[in-house]
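Q:
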Amino acid sequence: MKLFDTLKNIWKIEELKTRILTTLGLILVYRLGTEIVLPGIDPHGLQALKDQTSSGVLGLLDMFSGGAFSNASVFALGIMPYISASIVVQLLGIAVPYFQRLQKEGESGRRKINQITRYLTLVILVLQGSAYLTNLKAQVPAEAFVSTGFWQFQLPSIVIMAAGSMFVLWLGERITDKGIGNGVSIIIMIGIIARLPFAFIAELTSRVSQQGGGLVAFLIELIILFLVFCGSILLVQGTRKVPVQYAKRIVGNKQYGGVRQYIPLKINAAGVMPIIFAQAIMLLPISLINYANSESLSGFAAAFSNFTGFWYNFTFFIMIVAFTYFYTAITVNPMQMSEDMKKNGGFIPGVKPGRKTMEFLDTIMSRITLPGSIFLGIVAILPAFAQISGVNHQFAQFYGGTSLLILVGVVLDTLQQIESHLLMRHYDGLMKSGRIKGKNPGGPAAY
1 MKLFDTLKNI
11 WKIEELKTRI
21 LTTLGLILVY
31 RLGTEIVLPG
41 IDPHGLQALK
51 DQTSSGVLGL
61 LDMFSGGAFS
71 NASVFALGIM
81 PYISASIVVQ
91 LLGIAVPYFQ
101 RLQKEGESGR
111 RKINQITRYL
121 TLVILVLQGS
131 AYLTNLKAQV
141 PAEAFVSTGF
151 WQFQLPSIVI
161 MAAGSMFVLW
171 LGERITDKGI
181 GNGVSIIIMI
191 GIIARLPFAF
201 IAELTSRVSQ
211 QGGGLVAFLI
221 ELIILFLVFC
231 GSILLVQGTR
241 KVPVQYAKRI
251 VGNKQYGGVR
261 QYIPLKINAA
271 GVMPIIFAQA
281 IMLLPISLIN
291 YANSESLSGF
301 AAAFSNFTGF
311 WYNFTFFIMI
321 VAFTYFYTAI
331 TVNPMQMSED
341 MKKNGGFIPG
351 VKPGRKTMEF
361 LDTIMSRITL
371 PGSIFLGIVA
381 ILPAFAQISG
391 VNHQFAQFYG
401 GTSLLILVGV
411 VLDTLQQIES
421 HLLMRHYDGL
431 MKSGRIKGKN
441 PGGPAAY
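Number 147 in the UniProt record's numbering belongs to position 147 of the sequence shown; there are no gaps in the numbering.
1) Tell me, which residues are paired with R260 by DSSP?
2) Quick one: measure Cβ to Cβ for T176 and V272, integer angstroms, because I've assumed they're closer than 8 Å.
3) As a quick exercise: from L16, S366, A384, F75, pick the residue whose alpha carbon is nearest that of V168.
4) Which residue wins for smallest C-alpha separation from I193, given the options V408, S389, M424, D413?
5) Does DSSP put L136 in a helix, a strand or coil?
6) Would Y82 be called buried (16 or more neighbouring beta carbons within 10 Å of its own) or exposed?
7) Rounded to the nearest angstrom, what separates S130 and I116 at their Cα positions?
8) Among residues of its own chain, excluding the 5 on either side of F145, which ones have a beta-carbon nearer than 7 Å to its beta-carbon?
9) Can you tell me whether P441 is helix, strand or coil according to DSSP?
10) Put R19 into one of helix, strand or coil per three-state DSSP.
11) Beta carbon of S338, beta carbon of T363: below 8 Å?
12) Name the two residues that bound the continuous alpha helix (DSSP H) containing R195.
13) Alpha carbons only, please: which of L125, F69, I233, I187 is nearest the one belonging to A85?
14) In the structure shown, what three-state DSSP assignment does A446 receive?
15) Given L196, which residues of its chain have a CB within under 8 Å of its CB, disregarding the five upstream and five downstream residues?
16) Along the chain, where does the alpha helix (DSSP H) containing I267 start, and where does it finish?
17) Pull the bridge partners of L231 from the DSSP assignment, please.
18) For K356, report the span of its alpha helix (DSSP H) as first-last.
19) Between which residues of its own chain and L265 is the CB-CB distance below 7 Å, once the five residues before and five after are set aside?
20) Using 7 Å as the cut-off, classify the Cβ of N182 as near or not near the heavy atoms of the ligand COA, replying yes or no.
21) Does DSSP classify I180 as helix, strand or coil?
22) Using only alpha-carbon positions, find the residue among N344, T134, L361 that is nearest to G350.
23) On the premise that A380 lies in contact with T328, defined as a C-beta separation below 8 Å, what is that separation, rounded to the nearest angstrom?
24) Tell me whether the stretch 373–393 and the stretch 304–322 touch, counting them as touching only if at least three CB pairs, one residue from each stretch, are closer than 8 Å.
25) Would V159 be called buried (16 or more neighbouring beta carbons within 10 Å of its own) or exposed?
26) For P97, count neighbouring C-beta atoms within 10 Å of its own C-beta (all shown protein chains included) and say buried if the count is 16 or more, exposed if not.
27) Touching or not, the stretch 59–78 and the stretch 27–46, by the rule of three or more beta carbon pairs under 8 Å?
28) Rounded to the nearest angstrom, what separates L412 and G45 at their Cα positions?
29) Would you decide whether M319 is buried or exposed? Buried here means 16 or more other CB atoms lie within 10 Å of its CB.
30) Could you give the DSSP three-state label for I41: helix, strand or coil?
31) With H, G and I counted as helix, E and B as strand and the rest as coil, what does DSSP make of S147?
32) Given a cut-off of 8 Å on the beta-carbon distance, is the pair G181 and T53 in contact?
33) Sorted by chain position, which residues of the same chain lie with C-beta nearer than 6 Å to F323's C-beta, five sequence neighbours on each side aside?
34) Just to confirm the assignment, what range does the alpha helix (DSSP H) spanning A322 have?
35) What residues in its chain sit with their C-beta under 8 Å from that of K342, if we drop five residues either side in the sequence?
36) Would you mind reading off the limits of the alpha helix (DSSP H) that contains residue 455?
Written as structure tokens, this is what we have:
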């Protein structure tokens, strides 16, 4: 069979085999760390925290941390503070001249940006660590703590969680250097996959029970989930190829240029970032309203706290469409693309170089971003429709949203790297019909 032949070829390549085994070993270290509870806490008293993180935004954070959040683990804060710091620095690179200069300084500028990102990560870790411990004290019974003092428990716990998150970041970098795939992306993906077996079993149990619909309903759910995965792959991989012709140049006895290439403009150039931005903005006013004792505001909060309600999902969808345009506008620069083509003697057939090329690329991006943003919005609200249809809330999370797009993007990117190793050594690729198109997932999966 093709699968077994491919696995044999992978095992024959010593470098690829070593990289895969190294990746699996580092992932094992990460998974073991998610089960180590903070010193001074009784693990048997964490049931209330687990119930709190079963759904909502805390459930999303728990998924990204691979269950470490609900376990009060030393890795409880996970890799997301680094992702948040990276996003902030990326946005500063658009608005602040100092960061713009760093981006143009090549390798030295990249090292400075990475250093600033790590310092900002530490600041975010201290803030999130304090908030996490405050929530932990509110959810966990007092008898579950050996001590609750600042010097005896709170400060050491913040330091331990900050060190744990930085260690997770180090593991991700080691996976990138010594393993296969993007390390940080793989750690996020492992956290998502870790909850899939439990969600699968919970949904199967609920369906085979009385009045649950039986195995037929469960099989229909799996078929729909498969179709959602296929649609997500189309969204992640979809591109519009713009032809670019390069002028011929003769240097000595050799001819350069004169060939036609393509610029692949992605339908969803923003990745998962619009969903993350929209979720953050949707949850912030709700959290503030919940602290107010106003009856008029409490009704508003109730309407927008219902994750399966109409107004929440309608507003969520509109914000995702808007943020897709916003993030695409700040990440895709038609002017820079036009200038780079002009410097290299390239032009789009039928379009004048310079400003006309920029306007042409900008028009194409505006047109393909509309269907991409609508499709992204539909994928984001699919878990709500799944819950309305009776799917268990844990299993419904895999029907769309950030987790699904990250999962699809990282898997495709990792498989593309494995295929590159195979083809470089003249083995067959992973697919009979052609090569896997590489995809560097946007947003968190891109780090």
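A virtual CB, placed ideally from N, CA and C, is assigned to each residue, including glycine.
A: In short, the structure shows the following:
1) As a beta-bridge residue in DSSP terms, R260 pairs with Q245.
2) In this structure T176 is not in contact with V272, their Cβ atoms being roughly 19 Å apart against a cut-off of 8 Å.
3) Closest by alpha carbon: F75.
4) Residue V408 is the option with its Cα nearest to I193.
5) Collapsing the DSSP output to three states places L136 in a helix.
6) With a 10 Å radius around the Cβ and a threshold of 16 neighbouring Cβ atoms, Y82 comes out buried.
7) Between S130 and I116, the C-alpha separation is close to 22 Å.
8) These residues qualify, in order along the chain: G40, I41, F153.
9) Legend: pLDDT at P441 = 42, less than 50; position of this residue unreliable, value from coordinates given subsequently. Three-state result, P441: coil.
10) In the structure shown, R19 sits in a helix (DSSP, three-state: H, G or I).
11) For S338 and T363, no; Cβs fall outside 8 Å.
12) First-last for R195: undefined, no H or E at that position.
13) The residue from L125, F69, I233, I187 with its alpha-carbon nearest to that of A85 is L125.
14) Because the pLDDT at A446 is just 49, under 50, the model does not fix this residue reliably, and the point stays unresolved.
15) These residues qualify, in order along the chain: F398.
16) Annotation for I267: no alpha helix (DSSP H) segment contains it, and DSSP assigns it neither H nor E.
17) The residue you asked about is not Leu; residue 231 is Gly in the sequence shown. Looking at the DSSP assignment, G231 forms no beta bridge with any residue, so it has no partner.
18) K356 -> alpha helix (DSSP H) spans 355–388.
19) The beta carbon of L265 lies closer than 7 Å to those of T239, R240, V242, I364, M365, I368 in the same chain, with the five residues before and after it left out.
20) With respect to small molecules bound, the structure shown includes none, and the ligand COA cannot be examined in it.
21) DSSP places I180 outside both helix and strand once states are collapsed to three, so it counts as coil.
22) Proximity to G350 across N344, T134, L361 peaks at L361, based on C-alpha coordinates.
23) Contact flag wrong, Cβ pair sits at about 16 Å.
24) Touching, yes, given that three or more Cβ pairs across the two stretches are closer than 8 Å.
25) Exposed: under 16 other Cβ atoms inside 10 Å.
26) Exposed, because fewer than 16 other Cβ atoms sit within 10 Å of the Cβ of P97.
27) Judged by Cβ distances under 8 Å, the stretch 59–78 makes contact with the stretch 27–46, as three or more pairs qualify.
28) Across the structure, L412 and G45 are spaced so that their CA atoms are roughly 40 Å apart.
29) Buried, by the Cβ-count rule.
30) DSSP, read as helix, strand or coil, puts I41 in strand.
31) If DSSP states are grouped into helix, strand and coil, S147 belongs with coil.
32) Not closer than 8 Å, so no.
33) In its chain, beyond the 5 residues on either side, P274, F277, A278 have a beta carbon closer than 6 Å to the beta carbon of F323.
34) From DSSP, the alpha helix (DSSP H) with A322 extends over 310–331.
35) Once the five neighbours on either side are set aside, the close Cβ partners of K342 are P353, G354, T357.
36) Nothing about residue 455 can be read from this structure; the chain reaches only from 1 to 447.
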